[in-house]
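Enquirer: Per mature numbering (1 follows the signal peptide of the UniProt record, and there is no 0), the sequence shown runs over residues -25 to -1, 1 to 72. I have a structure here, written as structure tokens, and I will follow up with some questions on it.
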Amino acid sequence: MFMKYFKKSLVVPMVLLSLSFAACNKDNAVQQETKEKAQIETLRQFLAEKMQLDPSSIGFDQETRKFLLPAESGDYTFEFDYDSVLDVYNRDKNQPK
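Written as structure tokens, this is what we have:
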């Protein structure tokens, strides 16, 4: 009898604990996505400043993780890899001015 009660009494706390972990993981995923969007926007501003472009004209492709820069015709013909832009940004940021 005691074992049946003991097993049942553990079910509720275990369910609550797993729900808590699920909520925490969701919060972490949302924070990570927000951080990534902010980083993309920062890099977009950096590219715009260095290339003397309007930041809104620079696109970003999530699938390929590339920044898309417009040509004079208005089409996107130039692509820069996210990691490459991040590397240049970090080097530029760490150089003494």
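By construction, the Cβ of each residue, glycine as well, lies at the ideal position given by its N, Cα and C atoms.
Please state if the CB of V60 and the CB of L28 are separated by a distance shorter than 8 Å.
Expert: On the sequence shown, residue 28 is found 53 positions in, with the first residue counted as 1. On the sequence shown, residue 60 is found 85 positions in, with the first residue counted as 1. No, these two residues do not count as a Cβ contact at 8 Å.
Enquirer: So, helix, strand or coil for E54, using DSSP?
Expert: In the sequence shown, the residue the question calls residue 54 occupies position 79. Reduced to three states, the DSSP call for E54 is strand.
Enquirer: For P45 and K1, I'd like the C-alpha separation in whole angstroms.
Expert: Locating residue 45 in the sequence shown gives position 70, where the first residue counts as 1. Locating residue 1 in the sequence shown gives position 26, where the first residue counts as 1. So the two alpha carbons sit approximately 36 Å from each other.
Enquirer: Which residues in the same chain have their Cβ closer than 6 Å to the Cβ of P30, if we skip the five residues on either side of it in sequence?
Expert: Position 55 of the sequence shown, counting from 1, holds the residue named residue 30. For P30, where only same-chain residues beyond five positions count, the Cβ hits under 6 Å are R19, Q20, A23.
Enquirer: Mark F42 as exposed unless 16 or more other C-beta atoms lie within 10 angstroms of its C-beta, in which case mark it buried.
Expert: Locating residue 42 in the sequence shown gives position 67, where the first residue counts as 1. The residue in question, F42, is buried, as its Cβ has 16 or more Cβ neighbours within 10 Å.
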